[in-house]
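The structure under discussion appears below in the form of structure tokens.
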Amino acid sequence: MKKKIIGSGLVLLASAGLSAAAVAAYTPPGKSNPDWPCQQILVSHLSPAQVWTGPSIDGLDASSDPQVDELAGKLAQRRLSVDDAKAQIDAFAASTGANKQQKLTLLFAGLFSRLDSERAEVIEGLVRFGHRQKEAADQIRAENEKLHEAQDKSTSPEEANDPNSPVSTAAKQLQWDLRIFQDRHKTLSYVCEAPVMIEQRLFALAREIQAKM
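As structure tokens, this is what we get:
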């Protein structure tokens, strides 16, 4: 049997990383979209009924009322804390008079539209991220095979240790691409929380709006 000169540890690293991260995380059985990289169930858009038990918002457009539309835009901005957003809702509710229910319902409609759209954009970005990781996994698999082939063809330690040899070139490329893949994978737990945070904000502010009706 022909002995491989170098790279056995790297090949094992690539195999372990690919099995754990690429195959297990990015091609799980039963997922509705194989590019979806998160553990959370993929739901592209929310339903108002998930966060709202007030009057129907079907057909409502907050842009019909500039004051409401402006406030909905402010409330949707994540740089505004939830507590400050609630305070603005309270102040607005106190100023609406006899039109309170109508105005507050319209406010929720505007807020829901914005946050649901923002969440959908985040999810689209995550799907693109997952697709890129799948492509990277395929590339790493191919490079791993290329390294094996180069090792099999290597005829001497001198050739294998030459930085310009096929073995060294293949090993460096594999190591580089694997590092990028793993660095991206480490960010998943953080980026996958973004849609959840938007949902939590929408739920908290929807409850505040309803409480003032």
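Everything in the sequence shown is counted per the numbering used here, starting at 1073 for the first residue and increasing by one.
Idealized CB from N, CA, C, for every residue including glycine.
In the structure shown, E1265 adopts coil according to DSSP, grouped into three states. Secondary structure of R1151 (DSSP, three-state): coil.
Assignment of W1124 by DSSP, reduced to helix, strand and coil, places it in the coil class. Assigned with DSSP and collapsed to three states, S1237 falls in coil, not helix or strand. Taking C-beta atoms as the reference points, A1283 and F1253 fail to come closer than 8 Å. In terms of Cβ geometry, R1273 and L1178 do not form a close pair [threshold 8 Å]. By alpha-carbon distance to H1117, the top candidate from S1135, A1278, R1150 and P1267 is P1267. The beta carbon of S1104 lies closer than 6 Å to those of L1114 in the same chain, with the five residues before and after it left out. By the CB criterion at 8 Å, I1161 and E1280 fall inside the cutoff.
Between the C-alpha atoms of S1189 and P1106 there is a straight-line separation of about 22 Å.
Taking 8 Å as the upper bound for CB-CB distance, V1123 and A1278 are in contact here, some 4 Å apart.
For A1192, the CB contacts under 8 Å within the same chain, skipping 5 residues up- and downstream, are S1116 and H1117 in chain order.
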